[in-house]
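So the structure is just underneath, and the comments pick up after that.
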Ligand code: C2O
């Protein structure tokens, strides 16, 4: 594993700025990542063998003096990061007043994901000083070589076989057919009889194709399996290719549905055919209910999957935070919690591209750096709640409801962008130029780019207009929260948001940010930690293009590790020290959730690692604690996986 064990002072700044310039800051703990600590004492040490992270030490030279900063920034912009191989002058840098001040404030941590190909690190110099020997630019993920299918992560290589047909033909570049009629994806609970017949017929015909046809239903299901069970390695790399838990989640699924829909249209010989979307986010109370399993998936034979959870048939309402155990809420409570979850994950907790899309994933990166807000929940929760095939990524594509579920996830991408502010597509070329391959309606292998998928109109489809009332949802303050779920604070304070003023806050210890060797295991019980809020000004220096108001405060839960083969989940609350698994999430203190969907047949003992990032700026404002210096963060394991050992390695706050 490459490790970032040696970096010179000048280089350090250049890299930090490079990372920041790329618009994504990641706390990945992969082997190719660097943790660059500015304004602190640095310790040299061997890389952590398990995480590959090295912590820099005895290096005090980082400075972000303005002139220097501008200079470095310019270098970043022109993509000519000059990373000198010369020794850092520790002495010179140390004397700089800015640095002294930063060190005192001890406030600025920049966690930067640096691609191993961008940063090839040499060993130490004779003097023990760090140096960088080489650097090349990161690059976008490339399509895998389909002829090199692995056994996927399934013991014994048995079922499922996720390999795709692999004619070693070169993929054809995608071309949009502008002559296609604009297709309208409609809510699946609102389809008329004629559409339902057509929809069912399309799947009948798809199911009737021979299994080795890449357009057949079983092959379509395999596509999903292949890219979540690591059937392929990244091109020119030994890293497994995974399209979940990173910024590829949204665009990959958009393309997957695009071709799936075009194949269905071809079956019908009807270019106007569009996939209906399962409108589970809509908590309307009139029939037909949008937030139950839509009738078409129960009544129409080609759309049925008999493995779904029997207890989740209509009129049971979807639980958008489900984690394998009934929440026991009455419908009114369920609707309120669903609405607040939607509001949290799309509106208040996802104000920046990286919070929404998930973390950067580039060529050569270890997979699954960290999912975006919607991917965690409601997306994952709906998989688990539907159950059966849907409850496991390896088999999810076998249930026709999958495609309707993802059409709604895809619709939410458009809704999110319409909310304004910084809610825009990622501009990083490594995202825009990432490429995938899919078989199209003519069974031709097509190569597509993420950048060609950012506009659904360009892909010639749009969504029926439905209300999204969760956009303006306001959660219930605790004092009027639902009886029986109101947590009792140990000091009896009704509004724990004011906890900073109480002795309670002082009693809670800081867990702190990730440090080698330190971890906390959550298994069954909640965990509280005090978290210091860093000085915003220092982040502002690095994010000049972002206005003060737009700079988002982000709670970062570092080094989350959960067993891959188990459902697990925890909720995150702010200034509610006594939150427990009965605490309603329809309260302002609820900040977000982490849910893991198990991978089919993954060997026990394999861990999924991720970083959880939650935007909390709005939340602190809502709680009236915008000016406090520390907050209390409570992590509450919940649901079926409540007792699953979940490891976390650090909790901190940064601005992006
Ligand atoms: Cu590819 Cu809903 O997962």
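In this note's numbering, the protein residues as written are 134 to 789. Glycine included, every Cβ here is placed at the ideal spot set by N, Cα and C. Computed from a predicted model, the values in this text were never measured in an experiment.
Suppose the cutoff is 7 angstroms on Cβ atoms and the five residues either side in sequence are ignored; what does the same chain contact list for residue i look like?
{"i": "residue 771", "result": "456, 702, 703, 704, 714"}
{"i": "residue 277", "result": "365, 366, 367, 368, 374"}
{"i": "residue 695", "result": "701, 729, 740, 741, 777, 779"}
{"i": "residue 351", "result": "344"}
{"i": "residue 415", "result": "423, 424, 599, 600"}
{"i": "residue 341", "result": "none"}
{"i": "residue 631", "result": "Because residue 631 sits at a pLDDT of 46, beneath the cut-off of 50, its placement in the model cannot be relied upon, and the point is left open."}
{"i": "residue 516", "result": "523, 524, 529, 730"}
{"i": "residue 673", "result": "681, 684"}
{"i": "residue 543", "result": "386, 387, 390"}
{"i": "residue 427", "result": "321, 322, 411"}
{"i": "residue 485", "result": "555, 685, 748, 789"}
For residue i and residue j, which I take to be in contact (beta-carbon distance under 8 angstroms), what is that distance rounded to the nearest angstrom?
{"i": "residue 719", "j": "residue 473", "result": "4 angstroms"}
{"i": "residue 754", "j": "residue 687", "result": "Actually they are not in contact, since the Cβ atoms of residue 754 and residue 687 sit about 15 angstroms apart, beyond 8 angstroms."}
{"i": "residue 527", "j": "residue 296", "result": "Contact flag wrong, Cβ pair sits at about 13 angstroms."}
{"i": "residue 404", "j": "residue 324", "result": "Contact doesn't hold; Cβ gap of about 18 angstroms is too wide."}
{"i": "residue 321", "j": "residue 537", "result": "5 angstroms"}
{"i": "residue 417", "j": "residue 274", "result": "Not quite, the Cβ-Cβ distance comes to about 39 angstroms (not below 8 angstroms), so this is no contact."}
{"i": "residue 662", "j": "residue 769", "result": "Wrong, their Cβ atoms sit about 13 angstroms apart, outside the cutoff."}
{"i": "residue 482", "j": "residue 725", "result": "5 angstroms"}
{"i": "residue 501", "j": "residue 563", "result": "Not confirmed; about 16 angstroms, so no contact."}
{"i": "residue 608", "j": "residue 723", "result": "7 angstroms"}
Looking at C-alpha atoms only, which residue of the options is the closest neighbour of residue i?
{"i": "residue 708", "options": "680, 776, 660", "result": "660"}
{"i": "residue 302", "options": "280, 767, 310, 321", "result": "280"}
{"i": "residue 554", "options": "568, 684, 412", "result": "684"}
{"i": "residue 760", "options": "669, 435, 316, 650", "result": "669"}
{"i": "residue 743", "options": "569, 378, 762, 419", "result": "378"}
{"i": "residue 781", "options": "746, 316, 339, 382", "result": "746"}
{"i": "residue 540", "options": "407, 605, 604, 306", "result": "407"}
{"i": "residue 658", "options": "559, 431, 712", "result": "712"}
{"i": "residue 413", "options": "698, 319, 560, 650", "result": "319"}
{"i": "residue 764", "options": "370, 315, 536, 642", "result": "642"}
{"i": "residue 593", "options": "693, 308, 298", "result": "308"}
{"i": "residue 699", "options": "679, 316, 773", "result": "773"}
{"i": "residue 689", "options": "654, 604, 506", "result": "506"}
{"i": "residue 282", "options": "272, 561, 299", "result": "299"}
{"i": "residue 511", "options": "752, 640, 546", "result": "546"}
Kindly list the residues whose CB is nearer than 6 angstroms to the CB of residue i, restricted to its own chain and excluding five residues on each side of it in sequence; keep chain order.
{"i": "residue 531", "result": "354, 522"}
{"i": "residue 584", "result": "565"}
{"i": "residue 204", "result": "Only weak support exists for where residue 204 lies, its pLDDT of 36 falling under 50; the coordinates are left without a value."}
{"i": "residue 289", "result": "Because the pLDDT of residue 289 is 45, which lies under 50, any placement of that residue in the model is unreliable, and the number read from its coordinates should be weighed accordingly. Nothing meets the Cβ criterion."}
{"i": "residue 514", "result": "453, 454, 455, 728"}
{"i": "residue 433", "result": "333"}
{"i": "residue 200", "result": "Low confidence applies to residue 200: its pLDDT is 32, below 50, so where it sits in the model is not reliable enough to give any reading."}
Quick check: is any heavy atom of the ligand C2O less than 7 angstroms from the C-beta of residue i?
{"i": "residue 361", "result": "yes"}
{"i": "residue 322", "result": "no"}
{"i": "residue 445", "result": "no"}
{"i": "residue 569", "result": "no"}
{"i": "residue 410", "result": "no"}
{"i": "residue 529", "result": "yes"}
{"i": "residue 307", "result": "no"}
{"i": "residue 526", "result": "yes"}
{"i": "residue 393", "result": "no"}
{"i": "residue 476", "result": "no"}
{"i": "residue 357", "result": "yes"}
{"i": "residue 539", "result": "yes"}
{"i": "residue 606", "result": "no"}
So, for residue i: in the same chain, excluding its five sequence neighbours on each side, which residues have a beta-carbon less than 8 angstroms away from its beta-carbon?
{"i": "residue 392", "result": "571, 572, 573, 574, 579"}
{"i": "residue 331", "result": "401, 403, 406"}
{"i": "residue 439", "result": "521"}
{"i": "residue 549", "result": "479, 483, 489, 507, 556"}
Could you tell me whether any Cβ in chain D is nearer than 8 angstroms to the Cβ of residue i?
{"i": "residue 304", "result": "The structure shown contains no chain D, having only a single protein chain."}
Report yes if the C-beta of residue i is less than 7 angstroms from at least one heavy atom of the ligand COA; otherwise report no.
{"i": "residue 280", "result": "This structure lacks the ligand COA; its bound ligands are the ligand C2O."}
Taking one C-beta from the segment 446-461 and one from the segment 353-370 each time, how about it: are there three or more such pairs within less than 8 angstroms?
Because the criterion of three Cβ pairs below 8 angstroms is not met, the segment 446-461 and the segment 353-370 do not touch.
Below 8 angstroms, how does it come out for the segment 322-337 and the segment 387-404: are there three or more Cβ pairs, yes or no? Proximity of the segment 322-337 to the segment 387-404 meets the contact definition, three or more beta-carbon pairs being nearer than 8 angstroms.
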